[in-house]
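> Dropping a structure here in structure tokens format, bear with me for questions.
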Amino acid sequence: MPEIRVALVGVGNCASALVQGVYKYTDINNSPIGLVHPNLGGYTPKDIRFVAAFDVDERKVGKDLSEAIFAEPNTTPKFQEVPYIGVEVLRGPLLDGVGGPLAELVKVSDEPECNVVDVLRRSGAEVVVNLLPSGAMQASRWYAEASLKAGCAFINATPAPIVNDPHMAGQYRKMGLPLVGDDLMDQVGATVIHRALLDFLVRRGVRVLETYQLDVGGGAEALETLTRAKDAKREVKTAAVKSALPYAAPVVAGSTDYVKFLGNRRESYFWIRGLYFGETELSLDIKLRTVDGPNAGSVLLDAIRCAKIALDRGIGGPLVSISAYAFKNPPERAPLELAEKWLEAFLRGERDS
Ligand SMILES: NC(=O)c1ccc[n+]([C@@H]2O[C@H](COP(=O)([O-])OP(=O)(O)OC[C@H]3O[C@@H](n4cnc5c(N)ncnc54)[C@H](O)[C@@H]3O)[C@@H](O)[C@H]2O)c1
């Protein structure tokens, strides 16, 4: 049976949705709802096996992964029962993992730190998925280095520049290990919807004059994107949205408030003003309501399977196609349709990365 051995760094809301998803989508023959690629390059979600997990929160460290994903302060909803997995969440090094107002939400465990490289090696992990908080720049880098030492592929869902760091990319290339990222782009999140709307309007001859995308959320991540990671996240989001326009126009994209009672829910407001035939003005107001964790699930399942395919083929360094398809700040940006074509070509073995 094919198997993809995965280690998780950060057992927060995205990790919760990912783990639940692996157990939900065990039968891909009955048109699974919400999963973009039931079978990707010969791998299905069922092939994913979690072999290690790291966190720093005392409510997660020491617990089985199946239990830790539902521990506070995680607020992503339970949509799937998860059986005992047999993977204990271990205490990783803190570094800058928790800081600013996030420190009030995370209770740092006083358990001794494990030896991450050793655990990765002993667990047989092949793919490490980095799901640390947005502001954990040093810690993300530290785990990328640990993953490299342990001989694993690395997926960076955070905005920390890992794939975009030429030194790190070179190291992964040299070691023949795949690198995917940076900053995950949700399945149906604000950035991808904003890009699709702008692309549609441009193709219909509209001259976009100005646009914004503002959102509010209530999870730990919503707090991060307003404090420690505010500038980094806003920069990446704005650049991703701007890339949908073939000309310069004022674009604002970022989080604007933290509303605790929203939990893992996110409310995104879009505004677009433009000109169509006869230079007649149009404006568009849209509100999107989503839940953050599950929005990461399908794309993470794709990224994990692409990393495994690259390992099977002996491909190292940044994976351009899956990064352009599923991440907001890839090493090479492409319009959504082109990124999909790149991914299909990669899966057929017609592209190296
Ligand atoms: N749909 C989405 O939620 C989405 C979309 C795009 C990008 N992302 C990115 O994914 C990442 C994870 O998001 P989330 O909502 O799961 O965050 P979260 O805050 O729910 O989870 C982060 C986890 O990391 C743990 N942690 C903190 N410091 C640590 C350390 N040093 N070592 C190990 N664990 C540590 C925390 O205790 C927590 O369990 C973020 O960087 C976010 O920007 C998420």
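Residues are numbered in the working numbering as their position in the sequence shown, beginning at 1, plus a constant of 4.
Think of the CB as a built atom: it goes at the ideal place given N, C-alpha and C, for glycine as much as any other residue.
1) CB Ala253 to CB Asn333, shorter than 8 Å?
2) Kindly indicate which three-state DSSP category Pro81 falls into: helix, strand or coil?
3) Among the candidates Val110, Phe158, Pro137, Leu98, whose CA atom is the shortest distance from the CA of Lys312?
4) What first and last residue would you give for the alpha helix (DSSP H) that runs through Arg337?
5) DSSP has Arg269 in a bridge; who is on the other side?
6) Looking at Ala194 and Ser287, is the spacing between their C-beta atoms short of 8 Å?
7) Answer with buried or exposed for Pro137, where buried requires no fewer than 16 other C-beta atoms within 10 angstroms of its C-beta.
8) Is any non-hydrogen atom of ligand 1 found closer than 7 Å to the C-beta of Lys64, if you look at the structure I gave you?
9) Name the one or two DSSP bridge partners that Glu115 has.
10) Comparing C-alpha positions only, which one of Glu354, Ile197, Gly96 sits nearest to Cys118?
11) Between which two residues does the alpha helix (DSSP H) harbouring Tyr27 extend?
12) With burial defined as no fewer than 16 other Cβ atoms inside 10 Å of the residue's Cβ, what is the status of Tyr29: buried or exposed?
13) Does the distance between the C-beta of Gly180 and the nearest non-hydrogen atom of ligand 1 fall short of 7 Å?
14) Flag this pair as yes or no: are the beta carbons of Leu201 and Gly25 separated by less than 8 Å?
15) My parser needs the beta strand (DSSP E) runs of 3 or more residues fully inside the region 211-267; what are they?
16) Measuring only from the beta carbon, is Pro163 closer than 7 Å to any heavy atom that is part of ligand 1?
17) Just how far apart, CA to CA, sit Glu92 and Ser20?
18) Give me the residue from Gly103, Ala248, Phe54, Arg9 with the minimum Cα distance to Glu130.
19) Please name the residue, chosen from Ser327, Arg309, Leu315, Val23, that lies closest to Thr80 on a Cα-to-Cα basis.
20) Since Leu94 is in the beta strand (DSSP E), which residue starts that stretch and which ends it?
21) Pick from Leu106, Leu98, Thr260: whose alpha carbon is nearest that of Glu115?
22) I need the straight-line Cα distance from Glu149 to Arg277, nearest angstrom please.
23) If we count the other Cβ atoms within 10 Å of its Cβ and call it buried at 16 or more, is Lys241 buried or exposed?
24) With respect to the beta strand (DSSP E) encompassing Met56, which residues constitute its N-terminal and C-terminal limits?
25) Under three-state DSSP, which class holds Ala11?
Short version:
1) With respect to Asn333, Ala253 sits apart: the two C-beta atoms are not nearer than 8 Å.
2) DSSP places Pro81 in the coil class of the three-state scheme, outside both helix and strand.
3) When C-alpha distances from Lys312 are compared across Val110, Phe158, Pro137, Leu98, the shortest belongs to Phe158.
4) Neither: Arg337 is in no alpha helix (DSSP H) and is coded neither H nor E.
5) In the DSSP secondary-structure assignment, Arg269 is bridged to Val295.
6) Between Ser287 and Ala194, the gap from beta carbon to beta carbon reaches 8 Å or more.
7) With 16 or more other Cβ atoms within 10 Å, it is buried.
8) Proximity of the beta carbon of Lys64 to ligand 1 is indicated: a heavy atom of the ligand is located closer than 7 Å.
9) When beta bridges are read from the DSSP output, Glu115 appears opposite no residue.
10) Here the closest residue by C-alpha is Gly96.
11) Note, Tyr27: alpha helix (DSSP H), 17-28.
12) Burial call: buried.
13) No, the Cβ of Gly180 stays beyond 7 Å of every heavy atom of ligand 1.
14) Not a contact, by the Cβ cut-off of 8 Å.
15) Fully enclosed beta strand (DSSP E) runs of 3 or longer: 211-221, 255-262.
16) Within the cutoff, so yes.
17) Rounded to whole angstroms, Glu92 to Ser20 spans 15 Å at the Cα level.
18) Of the listed residues, the one whose Cα sits closest to Glu130 is Arg9.
19) That would be Val23, whose Cα lies nearest to the Cα of Thr80.
20) Unbroken beta strand (DSSP E) run through Leu94: 93-95.
21) Selected option, being the one with the closest Cα: Leu98.
22) Taking the straight line from one Cα to the other gives about 44 Å.
23) Lys241 counts as buried, since at least 16 other C-beta atoms from the protein chains shown sit within 10 angstroms of its C-beta.
24) Note that residue 56 corresponds to Ala in the displayed sequence, not to Met. Its beta strand (DSSP E) spans residues 52-59.
25) Here Ala11 carries a strand assignment [DSSP, helix/strand/coil].
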